[in-house]
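Under my numbering, read the sequence shown as residues 94 to 343, first letter to last.
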Amino acid sequence: MCERSQPVHVWKIASGRCVEDCSRYECERLQPIQRFWQLIQPDIIIRFPDKRTVVIDSKVSLVHYERLINCHPEEVPAATQALTRSVKTHIDGLSSKSYHDVEGSLDFVFMFLPVEGAYISVMQADTSLWQYAYQKRVLLVSPTNLIAAMKLVSDFWQRDGINKEAHLIAARAGRLYDKMVSFVEHFEKIGAQLQRTEATWQEAYRQLCKGKGNLISQTEGIREFRIKPTRSMPQAILEQATLEELEDRD
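(1) Quick check: what's the CA-CA separation for residue 159 versus residue 234?
(2) Would DSSP call residue 326 helix, strand or coil?
(3) With a threshold of 9 Å between beta carbons, is residue 182 in contact with chain B?
(4) For a test of the three-state rule: what should DSSP assign to residue 265, helix, strand or coil?
(5) Do you know how far the Cα of residue 301 is from the Cα of residue 334?
(6) Report buried or exposed for residue 242, applying the criterion of at least 16 other Cβ atoms within 10 angstroms of its Cβ.
(7) Tell me residue 204's beta-bridge partners as DSSP assigns them.
(8) State whether the segment 158-178 contacts the segment 210-221, with contact taken as three or more CB pairs (one from each stretch) at a distance under 8 Å.
(9) Count the other CB atoms, across all protein chains shown, that sit within 10 Å of the CB of residue 220; report buried if there are 16 or more and exposed otherwise.
(10) Reducing DSSP to helix, strand and coil, say where residue 334 ends up.
(11) I need the DSSP call for residue 320, collapsed to helix, strand or coil.
(12) Answer yes or no: do residue 153 and residue 205 have a C-beta to C-beta separation smaller than 9 Å?
(13) Would you mind reading off the limits of the beta strand (DSSP E) that contains residue 315?
(14) Does the beta-carbon of residue 332, which I'm using as the reference point, lie nearer than 8 Å to any heavy atom of the ligand COA?
(15) Taking the alpha helix (DSSP H) that residue 160 falls in, what are its first and last residues?
(16) Looking at the structure shown, is residue 145 part of a helix, part of a strand, or coil, going by DSSP?
(17) Which residues mark the beginning and the end of the alpha helix (DSSP H) in which residue 170 is found?
Structure representation (structure tokens):
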């Protein structure tokens, strides 16, 4: 595989497997990172939901791997050692760039070996290589591993979306609850006002047509002076007032 195509290869895996919106990724030629006096350029920056990032680097040389697969059998051990040294040197180089110290970055950087065979060869040749890289905050990944890593990133995005929706629902539920409390408080005030109004009405009604000397009875007594009103008291309330007057006399 031509080394020029490696960033494209990792880009296809990342954008094709991880998220629906590829704008969550930034390609090497688009997003250099300023760190102190250095301008460092990763191949891909993965944006995590919490505004943190992780870098994927795929610039590891595959020249020694090409020599390994094309060499004679007796040359395999030496070619394998050369490939392992090359990968180890790239690990050291990545660690020295301190991508993980960039503001917002996670504590590691992915080092992508775009050929599965190259990854397997160096892992078999030096079983401590992965631990060596990890101690330098570099994670070695192959196409298969990177796909799994991208799936984790995708899960992070989905989980973040669910969490945001949950926060929105919780916020809306909180506002709804507060509004309901306000409504109940006003409803209780209306009930208290209605009770006071009812008590006032009952007192006014008592004065109007209940007991001795109620207003209806006194008003009807005026008719004895031969006035000629054009309207008459409602019969029901007149009977009630007359009955109350008679009962009080008894």
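Cβ coordinates follow ideal geometry from the N, Cα and C atoms, glycine included.
Computed from a predicted model, the values in this text were never measured in an experiment.
In brief:
(1) 19 Å
(2) coil
(3) No chain B appears in this structure, which consists of one protein chain only.
(4) helix
(5) 8 Å
(6) buried
(7) 150 and 233
(8) yes
(9) exposed
(10) helix
(11) coil
(12) yes
(13) That residue, residue 315, is in no beta strand (DSSP E); it is neither H nor E in DSSP.
(14) In terms of ligand content, the structure shown is empty, and the ligand COA therefore cannot be addressed.
(15) 156-163
(16) coil
(17) 169-190
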